[in-house]
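2 protein chains.
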Amino acid sequence: MSPRPKIGLDLTTILEAAGVLADQLGIQEVTLANLAKNLGIRPPSLYNHFDGLPGLRKKLAIYGIDKLYSRMADAAIGVSGTEAVLAVSQAYVNFAREHPGIYEATLLAPDPEDVDVQQAGAKIVDLSVRILQAYRLEGESALHAVRGLRSILHGFSSLEQRGGFKMALDLDESLVIIIKAFLAGIAGDSPTTTD
Amino acid sequence: MSPRPKIGLDLTTILEAAGVLADQLGIQEVTLANLAKNLGIRPPSLYNHFDGLPGLRKKLAIYGIDKLYSRMADAAIGVSGTEAVLAVSQAYVNFAREHPGIYEATLLAPDPEDVDVQQAGAKIVDLSVRILQAYRLEGESALHAVRGLRSILHGFSSLEQRGGFKMALDLDESLVIIIKAFLAGIAGDSPTTTD
DNA sequence: TATTTTAACTAATGATATTAGTTAAATCAA
DNA sequence: TTGATTTAACTAATATCATTAGTTAAAATA
Numbered sequence: 001m002s003p004r005p006k007i008g009l010d011l012t013t014i015l016e017a018a019g020v021l022a023d024q025l026g027i028q029e030v031t032l033a034n035l036a037k038n039l040g041i042r043p044p045s046l047y048n049h050f051d052g053l054p055g056l057r058k059k060l061a062i063y064g065i066d067k068l069y070s071r072m073a074d075a076a077i078g079v080s081g082t083e084a085v086l087a088v089s090q091a092y093v094n095f096a097r098e099h100p101g102i103y104e105a106t107l108l109a110p111d112p113e114d115v116d117v118q119q120a121g122a123k124i125v126d127l128s129v130r131i132l133q134a135y136r137l138e139g140e141s142a143l144h145a146v147r148g149l150r151s152i153l154h155g156f157s158s159l160e161q162r163g164g165f166k167m168a169l170d171l172d173e174s175l176v177i178i179i180k181a182f183l184a185g186i187a188g189d190s191p192t193t194t195d
Numbered sequence: 001m002s003p004r005p006k007i008g009l010d011l012t013t014i015l016e017a018a019g020v021l022a023d024q025l026g027i028q029e030v031t032l033a034n035l036a037k038n039l040g041i042r043p044p045s046l047y048n049h050f051d052g053l054p055g056l057r058k059k060l061a062i063y064g065i066d067k068l069y070s071r072m073a074d075a076a077i078g079v080s081g082t083e084a085v086l087a088v089s090q091a092y093v094n095f096a097r098e099h100p101g102i103y104e105a106t107l108l109a110p111d112p113e114d115v116d117v118q119q120a121g122a123k124i125v126d127l128s129v130r131i132l133q134a135y136r137l138e139g140e141s142a143l144h145a146v147r148g149l150r151s152i153l154h155g156f157s158s159l160e161q162r163g164g165f166k167m168a169l170d171l172d173e174s175l176v177i178i179i180k181a182f183l184a185g186i187a188g189d190s191p192t193t194t195d
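For the protein sequence lines, the chains are C and F, in the order given.
Residue numbering for the first sequence follows full-length UniProt numbering, starting at 1 and increasing by one per position.
Residue numbering for the second sequence follows full-length UniProt numbering, starting at 1 and increasing by one per position.
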């Protein structure tokens, strides 16, 4: 009958297609039906590559976290102190802007406690710890500061994405002001590096 | 045949049931099928009360925003300055903890630009503006500060809900430290009220 | 009391994820 | 090179949804 070409899909290709789908139509449109259609195969064939929709969601989450981490790590090269935090923050927010669906998937793993998901996320936490080390925070203060930075970055990105900021007011400017205020507050105005 | 008792449901009852469902099983389990089962009616009957699943999501979002606003406004009574911001912040986070599903619904309206949704959200923005007025920010600074506070509160709540904070470190303490740092940063350490 | 509105219903449709079992292409070992 | 195995596609079938259309009886109203 019809030829069954055995396309030979690999997981990366599938995840990229899922990412495009997420960014273009939103995460809720990343269905096995839509994904299969875009790939030119039938929905059940996808089960050869991952364990159903939850499996896809998990893999897409890790895929997205890794991508986000790359962008942050890139931005952190060759900078330090406030400059580094600002660069990494802008990279974070820009990633969420360019890849709203993938960013959303990042926080949508079926089980956030999953070891693989945790491991991917840990790299981002570690990076945050490192760029905040310039502020010489003592003991637990550094950990609280990491939580604060992540809260700001995720909250800002999420609210921007959902149209939460209605005022006619430059968004990038807001981010810089918010980050600077937070850093000034935790450092008592004494970062350890030259700015 | 079987009696058709005409229960006489009103929208509030339905939204409360939907809220319980959201908090107990997660927002993705707030289906017309589940909701109808909990209410003792058949799914199509729900269409007499709202316009399908998108209609329910919109009404649940507004319902949640109103509830959240009430809690924040309550917390703001009789306090000012840093104390007010902290009280409102804790109310916000506690609401998200107690009602994770309703909180999630708050940001899940099908159309965030919808007038009714905007109107509900505006009350929260206004409240934020008022409690930050103690810091005497000039011009646009106040608006940037509101964005910062909202980013922190939403980011913190969302990340806590999704298991984003793994460290063995007191969460309430983190929130207080983060808010205080942010306020110190935007105020240059000069809130206008007695603390 | 008669009419209208309301809130439930049944029946049917289409989209979805998922499972089971099948088949042929690709890979690999002898 | 050939035979066996693995892999990646498939068809068919099922269950769960949301949704629409059309119906009916209870409740409200005139």
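Quick reminder that beta carbons are idealized off the backbone N, C-alpha and C, glycines included.
{"Item": "Beta carbon proximity, C:Q133 to chain F, threshold 9 Å", "Value": "no"}
{"Item": "For C:Q90, three-class secondary structure by DSSP", "Value": "helix"}
{"Item": "C:T194, buried or exposed, once every other Cβ within 10 Å from all chains shown has been counted against 16", "Value": "Because C:T194 sits at a pLDDT of 39, beneath the cut-off of 50, its placement in the model cannot be relied upon, and the point is left open."}
{"Item": "Interface residues of chain C facing F:F182 [CB-CB closer than 7 Å]", "Value": "A181, F182, G185"}
{"Item": "Nearest to C:L39 (by Cα), restricted to the options C:N94, C:V146, C:R57, C:V20", "Value": "C:V20"}
{"Item": "Euclidean distance between Cα positions of C:Q119 and F:Y47", "Value": "44 Å"}
{"Item": "Element boundaries [alpha helix (DSSP H), containing C:Q161]", "Value": "141-161"}
{"Item": "CA-to-CA distance, C:S128 to F:A184, given in whole angstroms", "Value": "21 Å"}
{"Item": "Outcome for F:T12 when other beta-carbon atoms lying within 10 angstroms are tallied against a minimum of 16", "Value": "exposed"}
{"Item": "Alpha-carbon to alpha-carbon, F:R150 and F:I179", "Value": "11 Å"}
{"Item": "Contacts of F:I124 in chain C (Cβ-Cβ under 8 Å)", "Value": "The premise fails here: F:I124 is roughly 10 Å from chain C at the closest Cβ pair, so nothing lies under 8 Å."}
{"Item": "C:A120 at chain F interface by Cβ criterion, 9 Å", "Value": "no"}
{"Item": "Proximity below 9 Å, CB of C:Y69 to CB of C:A105", "Value": "no"}
{"Item": "Segment limits, alpha helix (DSSP H) that includes F:Q28", "Value": "Note, F:Q28: premise wrong, no alpha helix (DSSP H); not H, not E."}
{"Item": "Residue-chain proximity (C:S67, chain F), Cβ-Cβ < 9 Å", "Value": "The residue you asked about is not Ser; residue 67 of chain C is Lys in the sequence shown. It does not: the Cβ of C:K67 has no partner Cβ on chain F nearer than 9 Å."}
{"Item": "N- and C-terminal bounds of the alpha helix (DSSP H) containing C:M72", "Value": "52-75"}
{"Item": "Where C:D195 sits in the DSSP three-state scheme", "Value": "Residue placement at C:D195 is poorly supported in this model, since its pLDDT is 40, which falls under 50; the coordinates still yield a value, given next. Correct three-state label for C:D195: coil."}
{"Item": "Residues within the stretch 139-150 of chain F neighbouring chain C, beta-carbon criterion of under 7 Å", "Value": "E140, L143, H144, R147, G148, R150"}
{"Item": "Chain-ordered neighbours of C:R162 on chain F, where CB pairs are closer than 8 Å", "Value": "L107, P112"}
{"Item": "Cross-chain neighbours of C:H154 in chain F, by beta carbon under 7 Å", "Value": "G155, S158, L159"}
{"Item": "Local conformation of residue 200 of chain C per DSSP, three classes", "Value": "Lying before the first or after the last residue shown, residue 200 of chain C is absent from chain C, which here runs from 1 to 195."}
{"Item": "Nearest-angstrom Cα separation, counted from C:Q90 out to C:I152", "Value": "12 Å"}
{"Item": "Cα-Cα separation, C:L9 to C:G52", "Value": "16 Å"}
{"Item": "Per-residue contacts from C:S174 into chain F (C-beta, under 7 Å)", "Value": "H144, R147"}
{"Item": "Among C:M72, C:K59, C:A22, C:K67, the one whose alpha carbon lies nearest that of C:R130", "Value": "C:M72"}
{"Item": "9 Å Cβ cutoff, F:M167 in contact with chain C", "Value": "yes"}
{"Item": "Proximity to F:R97 [Cα-Cα], best of F:L108, F:G26, F:K37, F:V125", "Value": "F:G26"}
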